[in-house]
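Contents: one structure, followed by commentary.
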Amino acid sequence: MAAIKSLCVFCGASDAVDPAYRAAAAALGTLMAAAGIELVFGGGQIGLMGLLSRAVAQGGGKVFGVIPRHLHRAEIGARPVLGTVQVVETMHERKALMFARSDAIAVLPGGFGTLDETFEVLTWKQLGLHDKPIVLVDIAGYWAPLLRQIEHVVETGFAPPSSRALLRVVNRVDDVLPVLASLPEPRVAPPDRFSS
Ligand code: AMP
């Protein structure tokens, strides 16, 4: 596909996680900055989100965060704000703006919020509302149980075999940008399909 300009990254807000996941977040940020790809993310300065966004900013890249007002204190608080942070009123607005602003989506290890965000863009894609690439970054096998569950969903008939193609899986942060560059151009869905 044509070079992407912005990448939405979903990832965990927890700091109490294995250093391998933390290193992956920082490494992806460094690569994005070097490639001139804007980071679109949830705006938080904690956990992998903070490591990722700091690495992009420190590498001279652009950062665009979207934070709901009620989470500002918990996820940013007194920490320095890097790049642009857009304050919105609801979680739904946050997800819609992150999606609208980005050319593709990457998913690093994360918790319930990351899962929610990932399955929303995945199900929108399943319904044909968009065709943006979604890359699951399976660091140290973190997403293996999820990939087994997705396989189970397909094998039991709850989703068609074509669903497997909704998501690309890579095992290394280094593969994210090359995989995105190798994918076909997304179809563009009419924007009004997201308005109701
Ligand atoms: P987690 O993966 O649970 O560590 O959360 C990662 C990010 O997702 C955090 O910024 C959370 O605020 C956010 N998040 C949690 N739940 C939701 C949700 N339902 N919709 C949108 N973002 C969420």
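For the sequence shown, numbering that gives the first Met the number 0 gives the first residue as 0, with consecutive numbering after it.
Just so it is clear, CB atoms sit at the ideal spot from N, CA and C, and this is done for glycine as well.
- Message: Are the CB atoms of V65 and V80 within a distance shorter than 9 Å?
- Response: Sequence index remark: in the sequence shown, residue 80 carries index 81 (1-based). Sequence index remark: in the sequence shown, residue 65 carries index 66 (1-based). Against a cut-off of 9 Å, the Cβ pair of V65 and V80 comes out as no contact.
- If we count the other Cβ atoms within 10 Å of its Cβ and call it buried at 16 or more, is V152 buried or exposed? Position 153 of the sequence shown, counting from 1, holds the residue named residue 152. Exposed, since its Cβ has fewer than 16 Cβ neighbours within 10 Å.
- Message: Between D173, K131 and W142, which has its C-alpha nearest A164's C-alpha?
- Response: Position 165 of the sequence shown, counting from 1, holds the residue named residue 164. Taking only the C-alpha atoms, the option nearest A164 is K131.
- Message: Give me the residue from R68, L70, G41 and A22 with the minimum Cα distance to A54.
- Response: By 1-based counting over the sequence shown, the position of residue 54 is 55. Of the candidates R68, L70, G41 and A22, the one whose C-alpha sits nearest the C-alpha of A54 is A22.
- Message: In this structure, how does DSSP classify G112 when only helix, strand and coil are distinguished?
- Response: Counting from one through the sequence shown, the residue named residue 112 turns up at place 113. The answer is helix: DSSP assigns G112 an H, G or I state.
- Task: Starting from the Cα of A103, find the closest Cα among H91, A143 and K124 and give me that residue.
- Result: Along the sequence shown, read from residue 1 onward, the residue named residue 103 stands at position 104. Of the listed residues, the one whose Cα sits closest to A103 is K124.
- Taking only heavy atoms of ligand 1 into account, decide whether any of them is closer than 8 Å to the Cβ of T113. The residue given as residue 113 occupies position 114 in the sequence shown. T113: yes, Cβ under 8 Å from ligand 1.
- Please name the residue, chosen from Y141, S162, I45 and K61, that lies closest to L70 on a Cα-to-Cα basis. Counted from its first residue, the sequence shown places residue 70 at position 71. Comparing Cα positions, the closest option is I45.
- Assign R93 to one of two classes, buried (16 or more other C-beta atoms within 10 Å of its C-beta) or exposed (fewer than that). Taking the sequence shown and counting its residues from 1, one reaches residue 93 at position 94. Flag for R93 reads buried.
- Query: When DSSP labels each residue in this structure, what does F157 get in the three-state scheme?
  - Reply: Walking along the sequence shown from the start, residue 157 turns up at place 158. Coil.
- Query: Using CA coordinates, which residue listed in P108, R68, Q148 and L38 is at the minimum distance from L176?
  - Reply: Translated into the one-based positions of the sequence shown, residue 176 becomes position 177. Among P108, R68, Q148 and L38, the Cα nearest to that of L176 is on L38.
- Proximity below 9 Å, CB of V136 to CB of L50: What you label residue 136 is simply residue 137 of the sequence shown in a count that begins at 1. What you label residue 50 is simply residue 51 of the sequence shown in a count that begins at 1. Not closer than 9 Å, so no.
- Item | Assumed close pair F98, G82 - CB separation to whole angstroms, cut-off 8 Å | Working through the sequence shown from its first residue, we reach residue 98 at position 99. Working through the sequence shown from its first residue, we reach residue 82 at position 83. Actually they are not in contact, since the Cβ atoms of F98 and G82 sit about 18 Å apart, beyond 8 Å.
- Would you tell me roughly how many angstroms separate the C-alpha atoms of L121 and G59, rounded to the nearest one? Along the sequence shown, read from residue 1 onward, the residue named residue 121 stands at position 122. Along the sequence shown, read from residue 1 onward, the residue named residue 59 stands at position 60. Taking the straight line joining both Cα atoms gives about 31 Å.
- Who are the near neighbours of V86 in its chain, counting only those whose CB is closer than 7 Å to its CB and skipping five residues on each side? Along the sequence shown, one-based indexing puts residue 86 at 87. Excluding residues within five positions, the ones whose Cβ falls inside 7 Å are I66, R68 and H71.
- For R176, which three-state DSSP category applies? Along the sequence shown, one-based indexing puts residue 176 at 177. The residue asked about is misnamed: residue 176 is Leu in this sequence, not Arg. Helix at L176.
- Task: List the endpoints of the continuous beta strand (DSSP E) containing E92.
- Result: Taking the first residue of the sequence shown as position 1, residue 92 is located at position 93. Counting along the chain, E92 falls outside any beta strand (DSSP E), though it belongs to the alpha helix (DSSP H) covering M90 to R100.
- Item | Inter-residue Cα distance where the pair is G76 and G156 | As a first step, residue 76 is located in the sequence shown; it is residue number 77 there, counting from the start. As a first step, residue 156 is located in the sequence shown; it is residue number 157 there, counting from the start. About 45 Å.
- Query: Rounded to a whole number of angstroms, what is the C-alpha to C-alpha distance between C7 and W142?
  - Reply: Position 8 of the sequence shown, counting from 1, holds the residue named residue 7. Position 143 of the sequence shown, counting from 1, holds the residue named residue 142. Distance between the alpha carbons of C7 and W142: 18 Å.
- Run the proximity test for L70: is its beta-carbon closer than 8 Å to any non-hydrogen atom belonging to ligand 1? Position 71 of the sequence shown, counted from the first residue, corresponds to residue 70. Yes, since a heavy atom of ligand 1 falls inside the 8 Å radius drawn around the Cβ of L70.
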